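Student: Sharing a structure with you now.
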Amino acid sequence: MSKPTLSVIMPALNEENNIEAAIRSTIEAFNNHGIDGEVIVVNDGSTDSTKSIVERIIQEANNVKLINHIKPMGIGYSFWDGIKHSDREIVVSFPGDNENDPDDALTFLYLMDHVDIIIPFIHNVEVRDRIRRLISSLYRFIMNISFGISLNYLNGTVFYRRLILKEVDLKNFGFFFQAEILIKLLRKGYLFAEVPNYLGTRGDGKSKALTLKSLIQVIKGYLRLAFDIHIRAIETKKDYQKLNKESRSYRKHLNFQSDLQASEL
């Protein structure tokens with residue numbers, strides 16, 4: 159079968175020391191795997207030279223696009239903004255910090271012939287410090303128990319068939335966005351495959367994933383999703399049962415009226 163076309167959404171916030179390597183390694187991976195791909199960089203309100211670096215690369219690469227946000231909107235918002243500008247079959251989000259290995263990630267793209275989602279998990283976990291690994295393990299445990307899933311990792315470079323994303327009513331635009339998308343799509347029954355993925359280290363700067371702001375976003379996103387799936391579902395079921403009961407009562411009333419009219423004839 160022919161290889162699917164691919165859009166790589168690349169959110170970037172003040173990544174002047176990493177963004178060029180992230181873009182070029184992704185383009186190189188396209189060439190290595192013979193993939194018709196594009197990179198859509200979403201400059202999320204950077205105050206450094208991230209924008210000018212991407213603009214320079216665009217002059218020589220016709221498969222790189224740039225979207226600019228005046229102020230930071232969040233990684234989830236940036237992802238969906240990138241989706242709006244994509245017309246490829248498959249979409250994935252690679253961070254602009256050059257932490258992921260695009261060549262390794264694209265190795266499993268052929269699986270999209272059989273599934274709707276490819277979910278990578280980190281197989282070289284030692285690259286993360288002990289605290290980060292502990293937090294990730296706790297997060298994974300809570301998510302799997304809370305939503306009846308069984309995944310090794312929820313925040314990686316997930317590949318999606320673009321058309322199925324239309325079915326997601328996203329409510330979180332921070333770091334919880336990926337988990338929310340996955341849970342909602344898996345609950346709809348879409349097929350997925352989990353694959354090992356190599357994780358590198360940031361070339362420069364610190365990850366924004368464990369900042370207080372990001373952690374608060376994740377907690378809020380988790381509580382909102384848990385409410386929507388568990389509490390609201392119960393309320394909807396009760397409303398349906400009440401409506402069904404009222405409907406049966408109304409039908410009995412109609413039957414009584416019909417019997418009464420028949421007896422008067």
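For what it's worth, this note's numbering labels the leading residue of the sequence shown as 159, then goes sequentially. Heads up, the beta-carbon is just placed ideally off N, CA and C, and yes, glycines get one too. Since the model is a prediction, treat every value here as computed from it, not as a measurement.
Label Ala170 either buried or exposed according to how many other C-beta atoms from any shown protein chain fall within 10 Å of its C-beta, with 16 as the threshold for buried.
Tutor: As a position in the sequence shown, residue 170 is number 12, starting the count at 1. Buried: at least 16 other Cβ atoms inside 10 Å.
Student: Please identify the residue among Ser304, Met270, Val222 and Ile193 whose C-alpha is closest to the C-alpha of Phe317.
Tutor: Along the sequence shown, read from residue 1 onward, the residue named residue 317 stands at position 159. Of Ser304, Met270, Val222 and Ile193, the residue nearest in Cα terms is Met270.
Student: Could you give the distance in angstroms between the alpha-carbon of Glu393 and the alpha-carbon of Arg298?
Tutor: Mapped onto the sequence shown, residue 393 falls at position 235. Mapped onto the sequence shown, residue 298 falls at position 140. A caution first: Glu393 carries a pLDDT of 49, below 50, which makes its placement in the model too unreliable to give a value.
Student: Candidates Ile233, Ala263 and Tyr268: which alpha carbon is nearest Gly254's?
Tutor: Here residue 254 corresponds to residue number 96 of the sequence shown, with the count starting at 1. When each option's Cα is compared against that of Gly254, the closest is Ile233.
Student: How about the segment 259–268 and the segment 324–333: do they share at least three Cβ pairs that are nearer than 8 Å?
Tutor: no
Student: Just to confirm the assignment: which complete alpha helix (DSSP H) runs, minimum length 4, are found wholly within the segment 334–363?
Tutor: 335–345
Student: Any heavy atom of the ligand NAD closer than 7 Å to the beta-carbon of Ile387?
Tutor: Looking for the ligand NAD in the displayed structure turns up nothing, as the structure carries no ligands at all.
Student: Looking only at its own chain, which residues have a Cβ that is under 7 Å from the Cβ of Phe334, when we skip the five neighbours before and after it?
Tutor: Taking the sequence shown and counting its residues from 1, the one referred to as residue 334 is at position 176. Counting only Cβ-Cβ distances below 7 Å, and skipping sequence neighbours, we find Gln375, Val376, Gly379 and Tyr380.
Student: With a floor of 3 residues, list each beta strand (DSSP E) that falls wholly inside the segment 229–260, ordered by position along the chain.
Tutor: 248–251
Student: For the alpha helix (DSSP H) containing Phe266, name the first residue and the last one.
Tutor: One-based indexing of the sequence shown puts residue 266 at position 108. Note, Phe266: premise wrong, no alpha helix (DSSP H); not H, not E.
Student: Taking 7 Å as the limit between beta carbons, can you name the residues of its chain near Glu178, skipping five residues before and five after?
Tutor: On the sequence shown, position 20 is the one that residue 178 refers to. Within the same chain, Glu178 has close Cβ partners Ile211 and Ile215.
Student: By Cβ distance below 8 Å, which residues in the same chain neighbour Lys209 in space, the five residues on each side in sequence not counted?
Tutor: Locating residue 209 in the sequence shown gives position 51, where the first residue counts as 1. Asn201, Leu224 and Asn226.
Student: Just verifying my parser: in three-state terms, what is the DSSP assignment at Ile280?
Tutor: Position 122 of the sequence shown, counting from 1, holds the residue named residue 280. It is a strand residue.
Student: Please report the Cβ distance between Glu174 and Asp206, rounded to the nearest whole angstrom; I am assuming they are in contact, meaning their Cβ atoms lie under 8 Å.
Tutor: Stepping through the sequence shown from its first residue, residue 174 is reached at position 16. Stepping through the sequence shown from its first residue, residue 206 is reached at position 48. Right, the Cβ-Cβ distance comes to about 4 Å (below 8 Å), so this counts as a contact.
Student: Kindly indicate which residue of Met301, Asn355 and Tyr356 has the alpha-carbon position closest to the one of Ile387.
Tutor: On the sequence shown, position 229 is the one that residue 387 refers to. Each of Met301, Asn355 and Tyr356 was checked against the Cα of Ile387, and the nearest Cα belongs to Met301.
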